[in-house]
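Protein chains in written order, with the numbering used here: chain B, 4 to 94; chain R, 5 to 377; chain W, 4 to 263; chain P, 55 to 493.
For glycine and all other residues, C-beta sits at the position ideal for the given N, C-alpha and C.
Treat the numbers as computed from the prediction; the structure is a model and nothing was measured.
Note sheet for the following structure.
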Amino acid sequence: MSDFLSPNFLVFAATIVAAFLSFYLATGRVRKQAIASQTKSHSLNQYYGFYVSLWVLVPAILLALIWMFAADPMLTSAAKARMECRLSEPT
Amino acid sequence: MAQLVNIAAGYIKAPDAVMAAQAELLRAAQASADRARSLTLAAVMCVGFFYAFWRVSPELRARVLCEAFLRRLFFLSAVVAILTTIGIVASLLFEAVRFFREISLFDFFFGTHWSPMTALRPGDTAAADEFVAGSSGSFGMVPVMAGTLLVAVIAMAVAVPIGLFSAIYTSEFASRRVRNIVKPTLEVLAGVPTVVYGFFAALTAAPFFRDLGLVVGLDVSSQSALAAGGVMGIMIIPFISSLSDDVITAVPQSLRDGAYGLGSTRGETIIRVVLPAAFPGLVGAFLLAISRAIGETMIVVMAAGVAANMTINPLESVTTVTVQIVMLLTGDNEFDSVKTLSAFALGMTLFVITLLLNVAALTASRRLGQRYE
Amino acid sequence: MDTVVDMAKAIKIQAKDVNVFYGEKQALNNVSIDIEDRSVTAFIGPSGCGKSTFLRCFNRMNDVIPSCRVEGSIMMGDVDVNNPQTDPVLLRARIGMVFQKPNPFPKTIFENVAYGPRIHGLAQSKAELDDMVEDSLKKAGLWGEVADRLADQATGLSGGQQQRLCIARAIAVGPDVLLMDEPCSALDPIATSVIEELISELQQRFTILIVTHSMQQAARVSQKTAYFHLGTLVEYGDTKDVFTLPKNEQTEAYISGKIG
Amino acid sequence: MNNPIEMIQPDAKTQARFEKIAQGLKKRHAASRRLKTYGIMAIVTAISFLAILLTTIISNGYTAIQQTELQIALTIPAEKLQNDDGAIDPVKARNFNWNGLIKKAFRAEFPDVTAMLDKRALGEILSKNAGYDLRRQIEAKGVIPTGGTKLWIKTSDDVDMLMKGRLDRNLDESQRRLSDQQIGWIDKLVADDRIRLVFNDTFFTAADSREPESAGVLGATVGSAMALFVTVLLALPLAVMAAVYLEYFAPPGRVTDFIEVNINNLAAVPSIVFGLLGLAVFLGFFGMPRSAPLVGGMVLALMTLPTIIIATRASIRAVPTSIRDAALGLGASRMQAAIDHILPLAAPGILTGTIIGIAQALGETAPLIMIGMVAFIVDVPTTLTDPATALPVQIYIWSDSAERAFYERSSLAIMVLLTFLITMNISAVLLRRKFEKKW
Chain B
4 MSDFLSPNFL VFAATIVAAF LSFYLATGRV RKQAIASQTK SHSLNQYYGF YVSLWVLVPA
64 ILLALIWMFA ADPMLTSAAK ARMECRLSEP T
Chain R
5 MAQLVNIAAG YIKAPDAVMA AQAELLRAAQ ASADRARSLT LAAVMCVGFF YAFWRVSPEL
65 RARVLCEAFL RRLFFLSAVV AILTTIGIVA SLLFEAVRFF REISLFDFFF GTHWSPMTAL
125 RPGDTAAADE FVAGSSGSFG MVPVMAGTLL VAVIAMAVAV PIGLFSAIYT SEFASRRVRN
185 IVKPTLEVLA GVPTVVYGFF AALTAAPFFR DLGLVVGLDV SSQSALAAGG VMGIMIIPFI
245 SSLSDDVITA VPQSLRDGAY GLGSTRGETI IRVVLPAAFP GLVGAFLLAI SRAIGETMIV
305 VMAAGVAANM TINPLESVTT VTVQIVMLLT GDNEFDSVKT LSAFALGMTL FVITLLLNVA
365 ALTASRRLGQ RYE
Chain W
4 MDTVVDMAKA IKIQAKDVNV FYGEKQALNN VSIDIEDRSV TAFIGPSGCG KSTFLRCFNR
64 MNDVIPSCRV EGSIMMGDVD VNNPQTDPVL LRARIGMVFQ KPNPFPKTIF ENVAYGPRIH
124 GLAQSKAELD DMVEDSLKKA GLWGEVADRL ADQATGLSGG QQQRLCIARA IAVGPDVLLM
184 DEPCSALDPI ATSVIEELIS ELQQRFTILI VTHSMQQAAR VSQKTAYFHL GTLVEYGDTK
244 DVFTLPKNEQ TEAYISGKIG
Chain P
55 MNNPIEMIQP DAKTQARFEK IAQGLKKRHA ASRRLKTYGI MAIVTAISFL AILLTTIISN
115 GYTAIQQTEL QIALTIPAEK LQNDDGAIDP VKARNFNWNG LIKKAFRAEF PDVTAMLDKR
175 ALGEILSKNA GYDLRRQIEA KGVIPTGGTK LWIKTSDDVD MLMKGRLDRN LDESQRRLSD
235 QQIGWIDKLV ADDRIRLVFN DTFFTAADSR EPESAGVLGA TVGSAMALFV TVLLALPLAV
295 MAAVYLEYFA PPGRVTDFIE VNINNLAAVP SIVFGLLGLA VFLGFFGMPR SAPLVGGMVL
355 ALMTLPTIII ATRASIRAVP TSIRDAALGL GASRMQAAID HILPLAAPGI LTGTIIGIAQ
415 ALGETAPLIM IGMVAFIVDV PTTLTDPATA LPVQIYIWSD SAERAFYERS SLAIMVLLTF
475 LITMNISAVL LRRKFEKKW
């Protein structure tokens, strides 16, 4: 169906894009700083990219997982509770 | 409730207005929750990004930090094995404990009458349902366990001689070329999915045994333990043959030399020296095979019976632990009934038994390993 | 000693033009040798020279190795060892063998020694078997150490005891020749000296062929010494001659420690 | 032989002993040969079991590759199906009574059949889904044949069985699923050359159905593929990371030992227990959808994880430590050595192990039954959360059905499953052979 435009997929795609973006921003920043301060970086530039990407991705993934396992069931049970109370009303 | 979720997702049409309204509400709630989630995610990503970006400088030990993270991730992956075990134990225990609140441990493990489906018979009232489910007679697992053992014993009776002698041949007599052909061929038997064996047992072996019984004047059930166990034996042959072959090959050549040097024939060397030396490993292999046989599901589900008969006659129909688990958990049963809970109690028993067998097998093989390090 | 020397003149085994091949590779080249009865003959030489291979020709142990082929004749009395008609089982009952590493079976001490008599059906009764076991253990100088624990696992013995158990196990079958393939290489010096004494005693009853990498050992225990190099028998003679006046340069180089 | 030296002979006592041993030899060699014979017999038995298994399945299943069809002369009323512009209107096509059209046309060819019961019996020759099939046929063509046309329509499974010789004509009529009368009609149709056997493409393009002639394995195959996709996606990275951890980073100690014990034990836990885990945790606790390939894949991933971990560790260990030492010597960190140098070298082994694990997962049935992938599903699944079955489960479902035609089709489904398995295993073997290195 319209899987590729579903909110979930968009969020997923945005996360990936954000990760890549932060990778390049970080490598760029460290390169510039190293040139500016005339020092050699501790690690290869790509590691700074990974480092920032990880900080973008990992908390987001953790949050998404928590959301999936906590929020969705809560929503459903809330709806269920509402429905039950509706059903118990005499019609 | 599942229906409501499906309606909200647009999979099915709402049967009535109330449901439709509810579904609409649920959908709205889901949509707002989705928005909230997206915003939160974006916020978290921004915070993470700015924190890390601000910290980036040539002095930052980025590689060390990345590797520390990866190492932790790797560790967590390894811990998944523990989590799985915990998950198994916890889920089985949780449901089994709920079961044992209704049925006493003693009645379950020592009761000799198993008929969890009794309550489903037409004519039984809800009260009778309560009564039967709660009564001590219905959930006695002894006949189920007996059936499991009977099938496993038949399977081992087929598999042990064939597997062991095959292993003796491939490891001691066969030339390398023959061995390279025979071993993979036998292992094909292990690669055949169990559902295929089940199909063969139910639709070929069982009718064959029944007809054979008619010819010689024996009354063989069309779901005889013999058919299920026999076919299971075929399935287990490669386990025994390849494990035994490994074990026999691991016996040091010096022992064979010693025996030959004293004037043993090849047969005497094998029977009197090699096999006794390999004995602990062979026991380990057999235990693993028994564990396989007890835990095997599809063959018995398709070819063994459902009724729990207490018998040691292989021509009759028996049921097994795995068959009962499948029977109790397929179809639309309520998840919380004593019946479905009993499946978890059976599952727990099965898990414990196979675990003990595996540990015993491991200990046995380890003893062999120590002897010839 | 005189009697021994006299008897040593009788020939027990005669090997002629023995060639051994592993697949395409030739391991032994036209080896001919006469082995004297009731004496110790030592095979020495650098590793890979074919001495062990040659030893294994005497009881057809090379049959066990699929790619191995033996040519030439080895006569022991009227038994043609290398004849395909000769049953290696019977042959190995007549020629006992002790291996480099002690290899007791994973059975009790008693069962280890009783193994040979049992498979060959030598004992008529339990009492006879008991006697055989005791006798063999005594001959192997082990009886005193294990008499009260015959029912223990043989693998629990020390290395030297295990090797003497293996000797007892070989003797129990009642062979008249004993092959020893570097019997002391896995043992400590004390255990080695015990075994060497034992060999000297056994020599009264058995024709012993011993492969050793230790020239001192060869000098100590053997009456005859054969020096092998690259698959050929370079020199063969009385031990004292070989060690004091080697005729061949190679032998001399080896004995003086220049090659090895 | 021609040697001048007199050789010494053993003394009499020794000689006697040798005699005695020689006497017993015949028996002992016979016993040895007997043992060898037992070995050969055991192997022959095992291999003949395999042969019997395969021949039974092939001989039962090969006929399902064909399907019986019947030729019917039809006149399709184009005006009832077309729009004003002459194209087929989907709504009209859906609402049109295709079954009625076919039945009418078929009955018209047997004008002497008038009794109600006989008419029904005549209709039973045709597939119950004949109308649906015809609509699909017409819709696929996009053109409605004008005037009279002759079309091939599937017969019912009973006729199919009769044509394939799987229905015994000599049985008593009451024991048969086709009456004498029906067989008479069929014989007449055969004589008129209006019944044929054609390639059963439905079997490979359809999902399950109540009617054997309309049932296929595509739905189940897609379900299996989806589940295995999830399995690989989860199990492979987890297994590789866990294996690298255990081989390179795990400090020797209780935690590591405990992990190893767990992995070894999980490898031997019965598969149905994983099914119970999936049922209780994924479905019960997390409320994931029943019958979904997603859940099936997760359960199978947990099940195959130990297999792949063990294989991965073995292939990592097969890479000589010298390579790691070389990498470390050049100043690489342990992590760099593992990821840049060891993993690429171990990759073929990891891949082989994964394929074998996946092949094992493909044949697994019991855990999928536990999580409800055993339902009757007529649609090919399109997403990971659609209800689906898997190939082995489909075999299980069909073999439980009463119709003889499903028996035949489950045999063919087994052949399909085995083909997949053989392909996977052969590719694993080839892969191993191609990349096998001796260090």
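Does residue 22/R come out as helix, strand or coil in the three-state DSSP assignment? Walking along the second sequence from the start, residue 22/R turns up at place 18. If DSSP states are grouped into helix, strand and coil, residue 22/R belongs with the helices.
Using the beta-carbon count (16 or more within 10 Å), is residue 55/P buried or exposed? On the fourth sequence, position 1 is the one that residue 55/P refers to. Bear in mind that the predicted position of residue 55/P carries a pLDDT of just 44, short of 50, making it too unreliable to give a figure here.
Validate contact between the region 204 to 219 of chain W and the region 171 to 185 of chain W using beta carbons, cut 8 Å, 3 pairs: For the pair of segments examined, the region 204 to 219 of chain W was found to touch the region 171 to 185 of chain W: the number of CB pairs separated by less than 8 Å reaches three.
Determine which residues of the region 166 to 186 of chain W have a Cβ less than 7 Å from any Cβ of chain D, and write them out in chain order. Among the protein chains in the structure shown, which are B, R, W and P, there is no chain D.
Any C-beta of chain R under 9 Å from that of residue 27/B: The sequence position of residue 27/B within the first sequence is 24, counting from 1. It does not; no Cβ of chain R falls within 9 Å.
What number of angstroms, rounded off, separates the C-alpha of residue 132/R from the C-alpha of residue 300/P? Walking along the second sequence from the start, residue 132/R turns up at place 128. Walking along the fourth sequence from the start, residue 300/P turns up at place 246. Confidence in residue 132/R is poor, its pLDDT being 44 and thus under 50, which makes the residue's placement unreliable; the coordinate value appears in the next sentence. One C-alpha to the other measures close to 56 Å.
Taking Cβ positions only, does residue 193/R come closer than 9 Å to chain P? Taking the first residue of the second sequence as position 1, residue 193/R is located at position 189. So, interface residue.
In the DSSP assignment, find the alpha helix (DSSP H) that holds residue 123/W and state where it starts and stops. Here residue 123/W refers to the residue found at position 120 when the third sequence is read from its first residue. First-last of the alpha helix (DSSP H) with residue 123/W: 112 to 123.
Short-range partners of chain W found in the region 256 to 269 of chain R, where Cβ spacing is below 8 Å: Answer in chain order: 256, 258, 259, 260, 261, 262, 263, 264, 265, 266, 267, 268 and 269.
For residue 119/W, go through chain R and note every residue whose CB falls closer than 9 Å to its CB, in chain order. Mapped onto the third sequence, residue 119/W falls at position 116. Correct list: 266, 267 and 268.
By a C-beta neighbour count over all protein chains shown, 10 Å radius and 16 as the cutoff for buried, is residue 65/B buried or exposed? The residue you call residue 65/B lines up with position 62 of the first sequence. Classification of residue 65/B: exposed, given that the 10 Å Cβ count is below 16.
If the cut is a Cβ gap below 9 Å, which residues of chain R does residue 387/P touch? As a first step, residue 387/P must be located in the fourth sequence, where it is residue number 333. Per Cβ cutoff of 9 Å: 67, 68 and 71.
Compare the C-alpha of residue 31/W against each of 51/W, 16/W, 37/W and 43/W and name the closest. Residue mapping note: residue 31/W aligns to position 28 of the third sequence, counting from 1. Among 51/W, 16/W, 37/W and 43/W, the Cα nearest to that of residue 31/W belongs to 51/W.
With a 10 Å radius around its C-beta and 16 neighbouring C-beta atoms as the bar for buried, classify residue 166/W as buried or exposed. Along the third sequence, read from residue 1 onward, the residue named residue 166/W stands at position 163. The Cβ neighbour count for residue 166/W, taken over all protein chains shown within 10 Å, is at least 16; the residue is labelled buried.
Would you please verify whether the beta carbon of residue 248/R is less than 9 Å from any beta carbon of chain W? Numbered from 1 along the second sequence, position 244 holds the residue referred to as residue 248/R. Closer than 9 Å: no.
Using a C-beta to C-beta distance shorter than 9 Å, which residues of chain P count as neighbours of residue 198/R? In the second sequence, counting from the first residue as 1, residue 198/R sits at position 194. 325, 417, 418, 419, 420 and 446, listed in chain order.
Does the Cβ of residue 191/P have 16 or more other Cβ atoms within 10 Å, making it buried, or fewer, making it exposed? The residue given as residue 191/P occupies position 137 in the fourth sequence. Residue 191/P is classed as exposed because its beta carbon has fewer than 16 other beta carbons within 10 Å across all chains shown.
What span of residues does the beta strand (DSSP E) with residue 101/W cover, start to end? Here residue 101/W is taken as the residue at index 98 of the third sequence, counted from 1. Here the beta strand (DSSP E) through residue 101/W covers 98 to 101.
Integer Cβ distance of residue 298/R from residue 357/R, believed to fall under 8 Å: Locating residue 298/R in the second sequence gives position 294, where the first residue counts as 1. Locating residue 357/R in the second sequence gives position 353, where the first residue counts as 1. Their Cβ separation, rounded to whole angstroms, is 6 Å, which keeps residue 298/R and residue 357/R in contact under 8 Å.
For residue 372/P versus residue 403/P, is the C-beta spacing smaller than 9 Å? Here residue 372/P corresponds to residue number 318 of the fourth sequence, with the count starting at 1. Here residue 403/P corresponds to residue number 349 of the fourth sequence, with the count starting at 1. Contact flag set, yes.
Residue range of the unbroken alpha helix (DSSP H) whose run includes residue 286/P: For this step, residue 286/P is matched to residue 232 along the fourth sequence. Where residue 286/P is concerned, the enclosing alpha helix (DSSP H) stretches over 272 to 298.
Per-residue contacts from residue 449/P into chain R (C-beta, under 9 Å): Start at 1 with the first residue of the fourth sequence, and residue 449/P comes out as number 395. 197, 199, 200, 202 and 203, listed in chain order.
DSSP puts residue 207/P in a beta bridge; with which residues? Counting from one through the fourth sequence, the residue named residue 207/P turns up at place 153. Answer by DSSP bridge pairing, in chain order: 124/P.
Could you tell me which residues DSSP puts in a beta bridge with residue 103/R? What you label residue 103/R is simply residue 99 of the second sequence in a count that begins at 1. Paired residue(s): none; residue 103/R is not in a bridge.
Residue span of the beta strand (DSSP E) that contains residue 27/W, given as start and end: Start at 1 with the first residue of the third sequence, and residue 27/W comes out as number 24. Annotation for residue 27/W: no beta strand (DSSP E) segment contains it, and DSSP assigns it neither H nor E.
Apply the 10 Å Cβ neighbour rule to residue 74/W and answer buried if 16 or more other Cβ atoms are within range, or exposed otherwise. Position 71 of the third sequence, counted from the start, is the residue given in the question as residue 74/W. Result: exposed.
Residue 240/P to residue 213/P, Cα distance in whole Å? Residue numbering aside, residue 240/P sits at position 186 when the fourth sequence is read from its first letter. Residue numbering aside, residue 213/P sits at position 159 when the fourth sequence is read from its first letter. Approximately 8 Å, taken between the alpha carbons.
Tell me whether residue 2/B is buried or exposed, calling it buried when 16 or more other Cβ atoms sit within 10 Å of its Cβ. One cannot answer for residue 2/B here, as it falls past the ends of chain B, which runs 4 to 94.
Contacts that residue 78/P makes with chain W (C-beta to C-beta distance below 8 Å): The residue you call residue 78/P lines up with position 24 of the fourth sequence. Residue 78/P reaches chain W at 123 and 124, counting residues in chain order whose Cβ is nearer than 8 Å.
How many Å lie between residue 496/P and residue 51/B at the Cα? As shown, chain P starts at 55 and ends at 493. That puts residue 496/P outside it, with no answer to give.
Compile a chain-ordered list of the residues in the region 86 to 119 of chain R whose CB is closer than 9 Å to at least one CB of chain B. Listed in chain order, the positions of the region 86 to 119 of chain R with a beta carbon within less than 9 Å of a beta carbon of chain B would be empty, since no residue qualifies.
With distance defined between alpha-carbon atoms, name the residue in 169/R, 68/R, 81/R and 61/R nearest to residue 296/P. As a working mapping, residue 296/P is identified with position 242 in the fourth sequence. That would be 81/R, whose Cα lies nearest to the Cα of residue 296/P.
Extent of the continuous alpha helix (DSSP H) run through residue 129/W: Position 126 of the third sequence, counted from the start, is the residue given in the question as residue 129/W. Note, residue 129/W: alpha helix (DSSP H), 129 to 142.
Short Cβ contact (9 Å threshold) for residue 326/P with residue 326/R: Position 272 of the fourth sequence, counting from 1, holds the residue named residue 326/P. Position 322 of the second sequence, counting from 1, holds the residue named residue 326/R. A distance below 9 Å separates the beta carbons of residue 326/P and residue 326/R.
Which of helix, strand or coil DSSP assigns to residue 37/W: Your numbering for residue 37/W matches position 34 in the third sequence. Residue 37/W: strand per DSSP, three-state reduction.
What does the alpha-carbon distance come out to for the pair residue 199/W and residue 213/W? In the third sequence, residue 199/W corresponds to position 196, counting from 1. In the third sequence, residue 213/W corresponds to position 210, counting from 1. Looking at the two C-alpha atoms, the distance is approximately 11 Å.
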